[in-house]
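Under this note's numbering, the first residue of the sequence shown carries the number 1, and numbering increases by one thereafter.
We put the CB at the ideal spot given by N, CA and C, even for glycine.
Notes for the one structure printed next.
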Amino acid sequence: MAVNLAQDCVHATAQDATALKQVFASLTAESCPKSYNFHMHTVFSDGRLLPEQLMEQALAIGLKGLAITDHHSVDGYRQAQDWLEGWIRAGQIPQGSPDNSQSCPPILWTGVEINADLLNTEVHILCYAFNPDHEAVQPYLLGKELTGHYPPAAQVIEAIHQAGGVAVLAHPVRYKRSPQELVPAAAQIGIDGIEAYYAYNNPSPWQPSPKETQQVLELGKAERLLSTCGTDTHGLSLLQRL
Numbered sequence: 001m002a003v004n005l006a007q008d009c010v011h012a013t014a015q016d017a018t019a020l021k022q023v024f025a026s027l028t029a030e031s032c033p034k035s036y037n038f039h040m041h042t043v044f045s046d047g048r049l050l051p052e053q054l055m056e057q058a059l060a061i062g063l064k065g066l067a068i069t070d071h072h073s074v075d076g077y078r079q080a081q082d083w084l085e086g087w088i089r090a091g092q093i094p095q096g097s098p099d100n101s102q103s104c105p106p107i108l109w110t111g112v113e114i115n116a117d118l119l120n121t122e123v124h125i126l127c128y129a130f131n132p133d134h135e136a137v138q139p140y141l142l143g144k145e146l147t148g149h150y151p152p153a154a155q156v157i158e159a160i161h162q163a164g165g166v167a168v169l170a171h172p173v174r175y176k177r178s179p180q181e182l183v184p185a186a187a188q189i190g191i192d193g194i195e196a197y198y199a200y201n202n203p204s205p206w207q208p209s210p211k212e213t214q215q216v217l218e219l220g221k222a223e224r225l226l227s228t229c230g231t232d233t234h235g236l237s238l239l240q241r242l
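Quick look at the structure:
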């Protein structure tokens, strides 16, 4: 018997920052990539997946929640959201999910990855659950990365907060300056979280790098920051980075 997804599935909205923070607070090293994934790219930035292909994989894997974080663009998110809404209206059961047991779709939160300057270092700010039509974020959604001159991280964080969203420092161990410098500095200017669960050496199967994860978790705990997870997918599989 078909499930009426539109009526029977109760979910937070794509712009529900409070619900997303609750999810972030529950994440562990095992959460990604088969339950949640908050760092993925499509053809609308430097990824290889079409948004609808990404969503088909998300359903087949059985993800509970995810965000598309294209660089300086929400076009991939918008296309994926349109696809998901059509899927819900059709009342389909996701083919390929474990035992076809996932009768409700995952939550697709708004997302974007923005280049910014922190301590005179280029960093990436992952932004979630914001209103993509809010005027404060429009300068950062132009569909291309800035080069050579990046907006101050504090300015980006403030814009995301104005749009009702959550700001996260991506992959804190990948920058020219140490996470011991960057994480407290980001916390001081209002960052909400850090990407603690991240695979720095692209292992197969995907798993968070143990040493870096522990290091970042401790820094985040000291600053009372939320921790997120994501594969940073650029290739054709949501279970790998490349």
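Taken in chain order, the whole alpha helix (DSSP H) runs of length 4 or more contained in the segment 43 to 131 are 51 to 61 and 75 to 90.
Among the bridge pairs identified by DSSP, Glu135 is matched with none. Here Ser26 is exposed, its C-beta having fewer than 16 other C-beta atoms within 10 Å.
Closest by C-alpha distance to Glu52, out of Ala136, Thr69 and Gln81, is Gln81. Comparing alpha carbon positions, the residue from Gln57, Ile114 and Pro151 closest to Leu141 is Ile114. Taking the Cα of Ser209 as reference, the smallest distance to any Cα among Gly76, Asn120, Arg241 and Gln180 is reached at Arg241.
Relative to the Cα of Val112, the nearest Cα in the group Tyr197, Gly230, Trp83 and Leu236 belongs to Gly230. Within the same chain, Ala116, Ala153, Leu169, Tyr175 and Leu182 come within 7 Å of Val123 by CB-CB distance, once the 5 residues on both sides are set aside. Where Ala19 is concerned, the enclosing alpha helix (DSSP H) starts and stops at Ala17 to Ser26. Around the beta carbon of Gly86, a 10 Å sphere encloses fewer than 16 other beta carbons of the protein chains shown; the residue is thus reported as exposed. The beta carbon of Ala58 lies closer than 7 Å to those of Leu66, Pro106 and Leu238 in the same chain, with the five residues before and after it left out. Annotation for His134: Ala163 place their beta carbon closer than 6 Å to its own, counting only its chain and skipping 5 residues before and after. By the criterion of a C-beta distance shorter than 8 Å, Val156 is surrounded in its chain by Ile114, Ala116, Ile125, Cys127, Tyr140 and Ala167, once the five residues flanking it on both sides are discounted. Straight across, the Cα-Cα distance linking Leu118 with Leu219 is about 17 Å.
The Cβ-Cβ distance between Asp16 and Phe44 does not fall below 7 Å.
In this structure Leu108 is buried. Its beta-carbon is surrounded by 16 or more other beta-carbon atoms within 10 angstroms.
With 16 or more other Cβ atoms inside 10 Å of its own Cβ, Ala14 counts as buried. In this structure, the beta-carbon distance from His72 to Lys144 falls below 7 Å. In the assembly as shown, His171 is a buried residue. Its beta-carbon has 16 or more other beta-carbons within 10 Å.
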